[in-house]
Amino acid sequence: MTEDLMSHHTPLSTSFASVASYHASCSVSPEASRKLEKAVREGKLLEAVAVVRETVETVSRLPVSIAVAGDSGSGVSSFINALRETGHEEKASAPTGVVRTTLTPARYTSPRFPNVSLWDLPGMGASGQSLDSYLGELQFGQYDLFIIIASEQFSLNHVRLAKAIESVGKRFYAIWTKVDRDLSTTLLSKALLLQSIQENILDSLRKEGICDPPIFLVSSLDPSLHDFPTLRRKLQIDISNIRCCGPLQALFHICEVTVNEKVTSLKARVSSKCLQDAPGVLHAEDLEQCLKAYRLHFGVDDESLKQVAWSTGRVVSEYRDTLKSWCFPELCRADWRLRLVTCSVAKAFLRLLGWIPCCGSRAVCFFVCMIHSCILHLVGQDTKAILRKILDDSKCPA
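Quick note: the sequence shown uses the working numbering, first residue 2, plus one each step.
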């Protein structure tokens, strides 16, 4: 039965509506969308890996804009120089000083963060401008990530800025920039001081219902100390996510739609085929073979997973552990309907039904279709889980 279902690749392929057009504006080329759809439809996951890799290479060069904002005199420019590893005396450095005179955003770059623009925004209150006016002029849509700088206190202005950022669906970091000064003037231990600063920032944000952001306590005078190394690592990860998450989500949508349609098409074939072969497909060995055939057809058989693992530099067990359908007993444990229908009592009952003319055959056909439908559904779910893992493992470097 299974061989007949799997032998007609052309009709199966042509039964699918193209899903590539869904993502024309998601940084995924139409060609990549078509290639991925074809690879998933034909169960060629190794080809899917190649498409994902090409897409990641492309989007890893996309520009990212990060806005850095804070009160005048809070050390915004010094922080930008420290993040860029640029000395204040260098020509390319951001100008620093107690009084902020910048009235327009200034753009800075760094080889450490390729294709990333750091925007030094005018200080809040630098020209006597009200915060409402400041926020009104801030073009949130131009920036992918915000860094809110504070040094004396995390004030209401900072909180309102954070709330405005969150309201437009953007993310932000909260960064305290003058830990060195605080440590030199406090009577508290270092641990208590840092805890106090962090709790103050969190309390201020939580009172306004703002989600806890990443918080970093740094000294712009020495970027190797305190939270600066952690900040760099976090920023690298988030830059990668900003570039990749949208395109990878678009690719997964293509995979998901294609797998779902493939499952639906095969279920329809199973229903028509069961009318002919129903009495003979309830044996455990037949179902085991059906499962192997379905896994092969979707590209999640053992050999295909080995190839995918080798191609992605992963251990094959990482992919196999994702599966519920790697063997029939495991599949039965994952679905109560399969456990019920394949137990000894149920199989004996169905064999008896098979001897009853007309209605008995129909009943057997119904249960056989249900078994194959369950298997197909679970193999389809496993295929999507494997594809999701391939995409998650393919996040582009910053």
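Heads up, the beta-carbon is just placed ideally off N, CA and C, and yes, glycines get one too.
Sequence-distant Cβ neighbours of L46 in its own chain, meaning closer than 6 Å and more than five residues away, are G300, S305, V309. In this structure, DSSP gives Y174 an extended state, which the three-state scheme calls strand. Closest in C-alpha terms to T87, from the list R182, I150, S75, T110, comes T110.
Scanning the stretch 124-155 for uninterrupted alpha helix (DSSP H) segments of 4 residues or longer gives 132-138, listed from N- to C-terminal end.
In the same chain as I67, and ignoring 5 residues on each side of it, the C-beta atoms closer than 6 Å to its own belong to L119, L146, in chain order.
Of the residues F114, I150, P112, the one whose Cα lies closest to the Cα of D121 is I150. Counting the other CB atoms within 10 Å of its CB gives E262 a total of 16 or more, which places it among the buried residues. Taking the C-beta atoms as reference points, A83 is found nearer than 9 Å to S221. The stretch 192-208 makes contact with the stretch 152-160, as at least three CB pairs between them are under 8 Å.
Boundaries of the beta strand (DSSP E) harbouring L119: 114-121, taken from the DSSP string. Taking one beta carbon from each stretch, the stretch 235-250 and the stretch 189-202 have fewer than 3 pairs nearer than 8 Å; the two do not touch. The beta carbon of R172 sits closer than 8 Å to those of L146, F147, I166, P214, D239, all from its chain and outside the five residues before and after it, given in chain order. Going by beta carbons, F217 and L392 fall outside the 9 Å limit. Taken through DSSP and simplified to helix, strand or coil, D303 comes out as helix. Non-local beta-carbon contacts of G76 in its own chain, meaning distances under 7 Å to residues more than five positions away in sequence, involve I150, S152, T178, K179, S221 in chain order. In the displayed model, S220 falls within a strand according to three-state DSSP.
Taking 9 Å as the cut-off, the beta carbon of V29 is found closer than this to the beta carbon of P248. Residue pairing by DSSP puts R108 in a beta bridge opposite W120.
As far as DSSP is concerned, I81 takes part in no beta bridge.
A straight line joining the alpha-carbon of S61 with that of T187 spans about 44 Å.
Looking from the CA of R113, the closest CA among M371, L324, S73, P230 belongs to P230. Annotated three-state conformation of I67 is strand, per DSSP.
Here D183 carries a helix assignment [DSSP, helix/strand/coil].
Under DSSP, D72 forms a beta bridge with M125.
Per DSSP, reduced to three states, the secondary structure at T323 is coil, with no helix or strand assignment. Taking each of R270, M125, V258, D183 in turn and checking the Cα distance to S374, the smallest one comes out for R270. Spatial neighbours of K39 in its own chain (CB-CB distance under 7 Å, excluding positions within 5 residues in sequence) are not present. For L47, the enclosing alpha helix (DSSP H) has its first and last residue at 46-60.
Between the alpha carbons of A251 and S34 lies a distance of about 9 Å.
Where P31 is concerned, the enclosing alpha helix (DSSP H) starts and stops at 31-42.
DSSP places D204 inside the alpha helix (DSSP H), whose first and last residues are 191-207. Minimum Cα-Cα distance from C212 among the listed residues V57, G170, H298 corresponds to G170. Straight through space, the alpha carbons of P31 and F141 are spaced by roughly 29 Å. Rounded to the nearest angstrom, the Cβ distance from T313 to V50 is 6 Å, consistent with a contact under 8 Å.
Judged by their CB atoms, V317 and K325 are not nearer to each other than the 9 Å cut-off. The beta carbon of N201 sits closer than 7 Å to those of F155, all from its chain and outside the five residues before and after it, given in chain order.
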